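Student: So the sequence shown is numbered by my numbering: it starts at 9 and just counts up by one. Glycine residues also receive a C-beta, built at the ideal position from the N, C-alpha and C atoms. Values in this document were obtained by computation on a predicted structure and should not be read as measured data.
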Amino acid sequence: MKIGIIGDGAIARYVRSHLENTHVCIVRPHKIGGVEAKDTVLRISDASHIPDDTDLMIDCAGHAALAQHGPLILQRGISLVTVSVGALADAQLHQRLKAAARQGESQLHLASGAIGALDCLRAAKVGGLDTVTYLGRKPPQGWIGSPAETTLDLETLKIPRVHFDGNAREAAIAYPKNANVAAAVALAGVGFDQTQVRLIADPSIDANIHEISATGEFGSFTFRIEGKALPDNPKSSALAAMSVVAAIDRMQAAITS
Numbered sequence: 009m010k011i012g013i014i015g016d017g018a019i020a021r022y023v024r025s026h027l028e029n030t031h032v033c034i035v036r037p038h039k040i041g042g043v044e045a046k047d048t049v050l051r052i053s054d055a056s057h058i059p060d061d062t063d064l065m066i067d068c069a070g071h072a073a074l075a076q077h078g079p080l081i082l083q084r085g086i087s088l089v090t091v092s093v094g095a096l097a098d099a100q101l102h103q104r105l106k107a108a109a110r111q112g113e114s115q116l117h118l119a120s121g122a123i124g125a126l127d128c129l130r131a132a133k134v135g136g137l138d139t140v141t142y143l144g145r146k147p148p149q150g151w152i153g154s155p156a157e158t159t160l161d162l163e164t165l166k167i168p169r170v171h172f173d174g175n176a177r178e179a180a181i182a183y184p185k186n187a188n189v190a191a192a193v194a195l196a197g198v199g200f201d202q203t204q205v206r207l208i209a210d211p212s213i214d215a216n217i218h219e220i221s222a223t224g225e226f227g228s229f230t231f232r233i234e235g236k237a238l239p240d241n242p243k244s245s246a247l248a249a250m251s252v253v254a255a256i257d258r259m260q261a262a263i264t265s
């Protein structure tokens with residue numbers, strides 16, 4: 009497969025380091041110049057310039073990049089893997105991407121990101137789900153640059169504090185860099201409007217903690233994962249980056265799980 013990447017941040021760099029067949033990157037225009045001679049990856053600023061022989065694109069650049077480049081990529085018949093799952097909380101963008109994929113006979117693959125248990129949640133959805141709750145807990149520095157700063161003093165926080173309590177659609181729109189997990193849970197389960205979300209700044213922890221609780225016809229379960237951030241960006245989950253590589257591995261495997 010010939011694979012391209014949208015973005016040049018921490019997650020994109022991690023994914024590139026684990027792929028041997030990256031041949032194009034979509035980056036911001038001012039970053040196209042100054043490429044080292046040993047780097048043979050083509051750098052472009054628009055999806056219309058993606059080479060025709062590209063098999064798969066990977067979005068590692070956030071909600072705005074998915075909205076900007078995703079529809080054209082899918083319309084061109086190139087499938088796309090994204091970690092920007094929260095962008096689909098925008099109902100209009102969701103429909104644009106779906107229509108583009110149908111037009112191009114391509115697929116938009118949602119990487120599982122920083123959370124597990126989504127296969128279990130999808131299976132439980134078949135029998136019927138009653139409730140799904142997501143709780144996201146991060147150290148205060150993990151919420152810098154988010155709306156949490158308007159309600160909490162993240163620099164001096166001494167005890168855990170809830171700074172968001174609502175549904176997954178509200179969380180994904182308000183926290184585009186922090187609530188992709190909430191969106192992934194919503195899409196796997198009861199949807200954006202029925203998935204309950206609480207976001208917490210907790211000075212007593214040094215990892216990102218995600219918990220899913222669900223009840224339904226199947227019974228009930230609670231899943232918890234304590235994840236580390238990528239070394240060069242405290243806001244980027246290492247597991248989110250790993251989930252992209254795992255998704256590509258599944259696409260290329262003879263037998264998948």
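Give the secondary structure of E178 by DSSP, where H, G and I count as helix, E and B as strand, and everything else as coil.
Tutor: DSSP places E178 in helix when its eight states are reduced to three.
Student: Between the beta-carbon of H77 and the beta-carbon of I34, is there less than 8 Å?
Tutor: Yes, the Cβ-Cβ distance between H77 and I34 is below 8 Å.
Student: Have a look at C128, S120, D61, V252 and flag the residue whose alpha-carbon is nearest the alpha-carbon of A222.
Tutor: Measuring from the Cα of A222, the nearest candidate turns out to be C128.
Student: Measuring straight from C-alpha to C-alpha, what distance separates D16 and G227?
Tutor: Straight-line Cα distance between these residues: approximately 42 Å.
Student: Using a Cβ-Cβ cut-off of 7 Å (strictly less than) and excluding sequence neighbours within five positions of G85, which residues of its own chain qualify?
Tutor: Here the set comprises G112, E113, S114.
Student: For M9, count neighbouring Cβ atoms within 10 angstroms of its own Cβ and tell me buried if that reaches 16, exposed if not.
Tutor: Its Cβ having fewer than 16 others within 10 Å, M9 is exposed.
Student: May I have a chain-ordered list of the alpha helix (DSSP H) segments no shorter than 4 residues that lie completely inside the segment 59–118?
Tutor: As far as the segment 59–118 is concerned, its whole alpha helix (DSSP H) runs of at least 4 residues are 71–83, 99–112.
Student: Note down the Cα distance separating A132 from I213, rounded to an integer number of angstroms.
Tutor: Rounded to whole angstroms, A132 to I213 spans 31 Å at the Cα level.
Student: Just confirm the distance between the C-beta atoms of Y142 and A190, as a whole number of angstroms; I'd bet it's less than 8 Å.
Tutor: About 5 Å separates the two Cβ atoms, so the contact holds.
Student: Would a C-beta distance cut-off of 8 Å place L207 and G144 closer than the cut-off?
Tutor: Yes. Within cutoff.
Student: For a minimum of 4 consecutive residues, which ranges assigned as the alpha helix (DSSP H) are wholly contained in the segment 144–226?
Tutor: Whole alpha helix (DSSP H) segments, 4+ residues: 156–159, 176–182, 188–196.
Student: Does K146 pass the burial test, meaning 16 or more other C-beta atoms within 10 Å, or should it be called exposed?
Tutor: The residue in question, K146, is buried, as its Cβ has 16 or more Cβ neighbours within 10 Å.
Student: Could you tell me the distance, in whole angstroms, from the CA atom of R21 to the CA atom of A248?
Tutor: Taking the straight line joining both Cα atoms gives about 13 Å.
Student: Work out the CA separation of L82 and F229 for me, nearest whole Å.
Tutor: Roughly 36 Å separates the two Cα atoms.
Student: Using 8 Å as the threshold, is the segment 188–203 in touch with the segment 147–162, meaning 3 or more CB pairs across them?
Tutor: Touching, no.
Student: Within the chosen definition, does the segment 86–93 reach the segment 114–125 through at least 3 CB pairs nearer than 8 Å?
Tutor: The segment 86–93, when compared against the segment 114–125, does touch it at the 8 Å Cβ threshold.
Student: Between T62, A109, R130, which lies nearest to A80 when the distance is taken from Cα to Cα?
Tutor: Rather than Ala, the amino acid found at residue 80 in this sequence is Leu. That would be A109, whose Cα lies nearest to the Cα of L80.
Student: Counting only the same chain and skipping the five closest in sequence on each side, list residues whose C-beta sits under 7 Å from that of H71.
Tutor: So the qualifying residues of the chain are S92, G94, A95, P184.
Student: Under 8 Å by Cβ, that's how I've got V32 and L64 pegged, so tell me the actual separation to the nearest angstrom.
Tutor: About 11 Å; that fails the 8 Å criterion.
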